[in-house]
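*Asks:*
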DNA sequence: CGACTTTTTGACACGAGTCAAATCTAGTGG
DNA sequence: CCACTAGATTTGACTCGTGTCAAAAAGTCG
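Protein chains in written order, with the UniProt record's numbering: chain A, 1 to 267; chain B, 1 to 267.
#1: For residue 153(A), which residues in the same chain have their Cβ closer than 6 Å to its Cβ, ignoring the five residues on either side in sequence?
#2: Measure from the C-beta of residue 176(A) to each C-beta in chain B and report whether the shortest distance is under 8 Å.
#3: Helix, strand or coil for residue 46(A), going by three-state DSSP, please let me know.
#4: What does residue 65(B) touch in chain A if you count any residue whose Cβ is under 7 Å from its own?
#5: Can you grab the Cα-Cα spacing for the pair residue 224(A) / residue 3(A), in whole Å?
#6: What distance in whole Å lies between the Cβ atoms of residue 115(A) and residue 160(B), which are believed to be in contact at a cut-off of 8 Å?
#7: Which partner residues of residue 13(B) appear in the DSSP bridge assignment?
#8: What do you reckon, is the C-beta of residue 55(B) under 7 Å from a heavy atom of the ligand GDP?
#9: Any beta-carbon of chain A closer than 8 Å to the one on residue 133(B)?
#10: Going by alpha carbons, who is nearest to residue 27(B) out of 47(B), 56(B), 42(B), 94(B)?
#11: Per the contact definition of three or more C-beta pairs closer than 8 Å, is the stretch 179-187 of chain B in contact with the stretch 135-155 of chain A?
#12: Where residue 137(B) and residue 201(B) are concerned, what is the direct C-alpha to C-alpha distance, given to the nearest angstrom?
#13: Looking at residue 282(B): is its Cβ nearer than 8 Å to the Cβ of residue 172(B)?
#14: Starting from the beta carbon of residue 270(A), find every residue of chain B whose beta carbon is closer than 8 Å, and list them in chain order.
#15: Identify every residue that forms a DSSP beta bridge with residue 31(B).
#16: Any contact between the stretch 190-197 of chain A and the stretch 69-78 of chain A? By contact I mean 3 or more CB pairs, one from each, below 8 Å.
#17: Look at the alpha carbon of residue 66(A) and the alpha carbon of residue 113(A), and state the distance between them as a whole number of angstroms.
#18: Residue 128(A) and residue 186(A) - do their beta-carbons sit closer together than 8 Å?
#19: List, in order along the chain, the chain B residues whose C-beta lies closer than 8 Å to that of residue 199(A)?
#20: At a Cβ threshold of 8 Å, is residue 106(B) touching chain A?
#21: What span of residues does the beta strand (DSSP E) with residue 6(A) cover, start to end?
#22: Say whether chain B places a C-beta atom closer than 8 Å to the C-beta of residue 78(A).
#23: Taking contact to mean at least 3 C-beta pairs separated by less than 8 Å, is the stretch 55-65 of chain A in contact with the stretch 11-31 of chain A?
#24: Exposed or buried, which one is residue 91(B) when buried takes at least 16 other CB atoms within 10 Å?
#25: Going by CA-CA distance only, name the one from 133(A), 134(A), 110(A) that's closest to residue 123(A).
#26: Determine the direct distance from the alpha carbon of residue 15(A) to that of residue 34(A), and round the result to whole angstroms.
#27: If we cut at 8 Å on Cβ distances, does residue 102(A) have a partner in chain B?
#28: Round the Cβ separation of residue 64(B) and residue 106(A) to the nearest angstrom and send it over; I've been treating them as touching at under 8 Å.
#29: Are residue 70(B) and residue 150(B) close, meaning C-beta to C-beta below 8 Å?
#30: Could you check whether the Cβ of residue 125(B) sits closer than 8 Å to any Cβ belonging to chain A?
#31: Less than 7 Å between C-beta atoms, sequence neighbours within five positions excluded: which residues of the same chain meet that for residue 198(B)?
#32: Along chain A, in chain order, which residues have C-beta atoms closer than 8 Å to that of residue 83(B)?
#33: Please report whether the beta-carbon of residue 203(B) lies at a distance below 8 Å from any beta-carbon of chain A.
#34: From the beta carbon of residue 17(B), is the nearest beta carbon of chain A less than 8 Å away?
#35: Just to confirm the assignment: which complete alpha helix (DSSP H) runs, minimum length 4, are found wholly within the stretch 93-166 of chain B?
#36: Short of 7 Å in beta carbon distance, which residues of its chain neighbour residue 206(A), apart from the five on each side in sequence? Order them along the chain.
What follows is the structure in structure tokens.
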């Protein structure tokens, strides 16, 4: 397997390419995206270590989307011929990869629902829930916190909104005391409230066993998705994560009502 | 193969089901959809004859979306065991199905781009382009017209907007003289203009050969996707389709400017 | 310490949602 | 062949979520 490194914003492969190799994320975060003729950019998926982005190039001649590095990224790749040989020799393996691509489809559908039927506030919350859950599944997140180096504008591209708007909504999430994001670190202070705002149900991730987060329990060792080379444990650079929860409205005199957001949940 | 029939709005399978059979659309249009806890509904894909919806249930235990009939629908189904047997016996077949599910993923990504980065006007135009192209590929559309019995509210659910708004945008498309929709019939009067407004590029459909529409040429006989039982040619019930093109602004005296829409293309 | 990228904010415009009521259309049953 | 009804299509008036522009404040890196 050949390993290559990429810097943030660098493309690994671009739309219409006909890659001759299959990739897998070894370390870092990558994003799949497509663009509009008018310059619009839509991220269609984020890949975490262990994921196999663009595996479809094995079956479909032309790649219909691009893949770019979001953080510094290490990608492992194997030539198509070698892969075909392995798949032919081990039908079980083919099933596993098929399953992987099917899950990718499932995520895309959930994103469709998320971006199409929820407001920006819920969308962002949902994305945070998804990413944290997936990172936990590969042991890259613990205690509801994880390394998080996505730019607000990358989040915007994924959510189908503007970077400016992401910033506003992010502020709300913070003011609600649901999360803390900064210094390359995401901390979820109130998972239940966030999941509720996001209308998040991890079923679509098709995680086996119960690595899917449901309560405070720390996920078991190692994920189930062949993350052959778990990223070297790098000392969290940001603020040590169990930050003091920024409780909203604690100083006032009278019984202050919640900062207001819970509106969209009146139904 | 077992055949079953469904009436519009009827569900074929619903989220969380664990179907024991694989389906294929024989006749009619079906839709895959997901819903939000607050009642929002998002259609994630439309299926035309020859498509194999929800094939993933073979690999993924639980179905993560529902499938419903949009028009009267005939579905053929085969038990999982039988399918597994066939796939094991014919690796080539497995590849073909894998390819099919990958294409489904490609469509989902394009929808993500469409719904996330284009305004309702372009989205609707894009959906029309996609559906007509796909129907042509299975020989269910000719001369840029086809049977079209989707409800405005179904279109809305697919585009992530409101039915009311679909109606308004549809009016614009008509006023521009781009299409005619009514009586269960869709006619595209100006394909180039529509494709331009939609920013439509059929590459993501991964159609082989060139059944993908690019000019006025009528598509060759029969599609490539195993539509084993092409729908019985039913005499078009609506108005005979080559309707008079509703040219916009033909009566005025002075040099009327185009009804205005082309705004979103100023870039 | 500059040069640059990312994050924040405010003011204002516009696309899309909400509500409601008035047609229009298919079916259905008489 | 025609009322009768339920669903689908249209429209108007008004609200609200997001986009657009701009510019200041922070953060990053050689």
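Backbone N, C-alpha and C define an ideal beta-carbon position, used for all residues, glycine too.
*Replies:* The relevant details are as follows:
#1: 163
#2: no
#3: strand
#4: 109
#5: Note that residue 224(A) scores 44 on pLDDT, short of 50, meaning its location in the model is unreliable; the coordinates nonetheless yield the value given after this. Distance between the alpha carbons of residue 224(A) and residue 3(A): 22 Å.
#6: 7 Å
#7: 67(B)
#8: Here there are no bound small molecules, and the ligand GDP is not part of this structure.
#9: no
#10: 47(B)
#11: no
#12: 15 Å
#13: Chain B is shown from 1 up to 267; residue 282(B) falls before or after that span and cannot be answered.
#14: The structure shown does not extend to residue 270(A), since chain A is modelled only from 1 to 267, so the question has no answer here.
#15: 46(B), 68(B)
#16: no
#17: 22 Å
#18: yes
#19: 36, 37, 38
#20: yes
#21: 2-6
#22: no
#23: yes
#24: exposed
#25: 110(A)
#26: 8 Å
#27: yes
#28: 5 Å
#29: yes
#30: no
#31: 122, 125, 126, 129
#32: The premise fails here: residue 83(B) is roughly 13 Å from chain A at the closest Cβ pair, so nothing lies under 8 Å.
#33: yes
#34: no
#35: 120-137, 152-159
#36: 103, 106
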